[in-house]
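In what follows, a single structure is set out as structure tokens and then discussed.
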Ligand SMILES: Nc1ncnc2c1ncn2[C@@H]1O[C@H](COP(=O)(O)OP(=O)(O)OP(=O)(O)O)[C@@H](O)[C@H]1O
Ligand SMILES: Nc1ncnc2c1ncn2[C@@H]1O[C@H](COP(=O)(O)OP(=O)(O)OP(=O)(O)O)[C@@H](O)[C@H]1O
Ligand SMILES: [Mg+2]
Ligand SMILES: [Mg+2]
């Protein structure tokens, strides 16, 4: 369903060349829940941005549901892919400061032509799912870090995406709020068959996943299935 | 050394009143390493911002090293307090996008009149301590989330502050990088006697602390000393 084939990402900055990804290849089946782990700077966000069509690889390609997204040159087609297929949770949230939580969550529905009253209803429902209907009219600077993160998650799920790409979705959340979010992802995955790729460094969240892909220094060094990572974690 | 007395913070937004802090009182001894824990939205960042003199309480006061900072009306005196006493690590980093990592870390030294070559030397040393001397000339958008967070930590420690206020300093870091940061804090605390107040929801980091202050819904519900929290964590 998602095919990542020999993906490289090389940044050239004046005198320095930074190889963020060095030939990453793996596949994700439809309806799988996979996590990507690895040290700070190992290339996790870069990889997720390329899978989400927000960035282009320097080499290699990515196919999602049969579409080779890395070779779509037409911006309109690429943004339609992103808008209809993908719900993206960014590591630094990227909420629009002058919009309320509700307006931020409605955003993905606008290009689809969803009428305003229906949009509001869907956005309020998504905010309720993450426990924040009370903050619907608050702006980002009127909310805590974890509340902003949960608004970003509500925005990612509001459009019923086929794929959720979540970059450290619980980095600013306490364990209770993290559990709420993981239960939301689990429900979307088990009941609606949503494919989920989640970057995290929180070992506690691995139990929700079918497989764990370990990145280090821009490369995949190991892929664990459930039995293998359970064995690994038991030793901790 | 740090006295927080009946601090309230009430936000009034059009029709809604949000009580973020409802009468918080505690003291921190000089050289203590304390952590503040609590659910998302419980008031941790609001409290830390008030202790750091970045925000004023609605009621109550805060004294640091004998200075009642909440009643200093002169902005210049308040910013001198902040600049000379406090190293602040923000939850969302707040690095200046157009400055390099090195320039961001040098910032606290400028109001003190530290000469440029000395500033660069001190900033590079702080970046080395957090493991990022290789990124000295990179801008924030050329770095990963965890790398930006570590630059923010380097900026907080570069001026040898007496007090470090760290808001979720390891939220975006993997366990190895988190350990590096905690060892930096531990060293500053044990060897230089720096007083540290750290907001976190990572239970693994509590072991570094002398006491844990639990906030919930804007109030202190419990303060644990080392024996008490060790007992609590053993049951986990
Ligand atoms: N400027 C503001 N205006 C109105 N309400 C605010 C403002 N800033 C914070 N709040 C509210 O005050 C409460 C406490 O916020 P605070 O940021 O201190 O929480 P927190 O404990 O740091 O949470 P987190 O762990 O999610 O970062 C939250 O419910 C938040 O919505
Ligand atoms: N625009 C850019 N220009 C140059 N280098 C970059 C750029 N973006 C990222 N990098 C570098 O590429 C490497 C990988 O970055 P990436 O953000 O993917 O890491 P990460 O695994 O998500 O880390 P973290 O866990 O800290 O978020 C890092 O060393 C980073 O400095
Ligand atoms: Mg990242
Ligand atoms: Mg906070």
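Chains as they are written, first to last, in the numbering used here: chain A, 1 to 236; chain B, 1001 to 1236. Cβ coordinates follow ideal geometry from the N, Cα and C atoms, glycine included.
- In the displayed model, residue 1224/B falls within a strand according to three-state DSSP.
- For residue 1202/B, no beta strand (DSSP E) segment is defined, and its DSSP state is neither H nor E.
- Here residue 71/A has 61 as same chain residues with Cβ atoms under 7 Å from its own Cβ, once five neighbours each way along the sequence are excluded.
- Listed by position in the chain, the residues whose beta carbon lies within less than 5 Å of some heavy atom of ligand 1 are 142/A, 143/A, 144/A, 145/A, 146/A, 1011/B, 1018/B, 1020/B, 1040/B, 1041/B, 1042/B, 1043/B, 1044/B, 1045/B, 1046/B.
- Going by C-alpha positions, residue 1183/B is about 16 Å away from residue 1158/B.
- Along the length of the stretch 162 to 189 of chain A, whole beta strand (DSSP E) runs at least 3 residues long occupy 163 to 167, reported in chain order.
- A direct Cα-Cα distance of roughly 37 Å separates residue 41/A from residue 1064/B.
- Using a cutoff of 7 Å, the CB of residue 14/A does not count as near ligand 3, since none of the ligand's heavy atoms is closer than that.
- The continuous beta strand (DSSP E) containing residue 13/A extends over residues 2 to 13.
- The C-beta distance from residue 1142/B to residue 85/A rounds to 28 Å, too long to meet the 8 Å contact threshold.
- Within chain B, no residue has its CB atom less than 9 Å from the CB of residue 54/A, the nearest being about 13 Å off.
- Put simply, the CB of residue 67/A is far from chain B, with every gap to its CB atoms at 8 Å or more.
- Interface with chain B (8 Å Cβ-Cβ cutoff): residue 176/A is included.
- Of all residues in the stretch 141 to 174 of chain A, the ones placed with a Cβ closer than 7 Å to any Cβ belonging to chain B are 142, 144, 145, 146, 147, 168, 171, 172, 173, 174, in chain order.
- For residue 1208/B, not one C-beta of chain A is nearer than 8 Å to its own C-beta.
- When beta bridges are read from the DSSP output, residue 35/A appears opposite 198/A, 212/A.
- Taking all protein chains shown into account, residue 1044/B has 16 or more neighbouring C-beta atoms within 10 Å of its C-beta and is therefore buried.
- Under DSSP, residue 1067/B shares a beta bridge with 1064/B.
- Within the stretch 1089 to 1102 of chain B, contact with chain A at the beta-carbon level (separation under 7 Å) is assigned to 1091, 1092.
- Of the heavy atoms belonging to ligand 2, none sits nearer than 7 Å to the Cβ of residue 217/A.
- Residues of the stretch 1033 to 1048 of chain B whose Cβ lies closer than 9 Å to any Cβ of chain A, in chain order: 1037, 1038, 1039, 1040, 1041, 1042, 1043, 1044, 1045, 1046.
- A distance below 6 Å between beta-carbons, with the five flanking residues on each side excluded, links residue 2/A to the following residues of its chain, in chain order: 28, 64.
- Taking 8 Å as the upper bound on Cβ-Cβ separation, chain B lies near residues 201, 203 of the stretch 189 to 207 of chain A.
- When C-alpha distances from residue 1007/B are compared across 1113/B, 1016/B, 1059/B, the shortest belongs to 1059/B.
- In chain order, 172, 173, 174, 177 place their CB closer than 8 Å to the CB of residue 146/A, counting only its own chain and leaving out the 5 sequence neighbours on each side.
- In the three-state DSSP reduction, residue 27/A falls in the strand class (E or B).
- A straight-line Cα-Cα distance of about 42 Å links residue 1076/B and residue 202/A.
- The CB of residue 1182/B never comes closer than 8 Å to any CB in chain A; the least such distance is about 14 Å.
- Minimum Cα-Cα distance from residue 1210/B among the listed residues 1023/B, 1016/B, 1081/B, 1032/B corresponds to 1032/B.
- A residue is called buried once 16 or more other Cβ atoms fall within 10 Å of its Cβ, and residue 1011/B, having fewer, is exposed.
- For residue 1055/B, the shortest C-beta to heavy atom distance toward ligand 4 is 7 Å or greater.
- The nearest non-hydrogen atom of ligand 2 is 7 Å or more from the C-beta of residue 1202/B.
- Residues of the stretch 13 to 33 of chain A whose Cβ lies closer than 7 Å to any Cβ of chain B, in chain order: 13.
- Residue 130/A holds the alpha-carbon nearest to the alpha-carbon of residue 154/A among 137/A, 164/A, 165/A, 130/A.
- Distances from the CB of residue 1174/B to the heavy atoms of ligand 3 are all 7 Å or more.
- Across the structure, residue 1038/B and residue 1223/B are spaced so that their CA atoms are roughly 12 Å apart.
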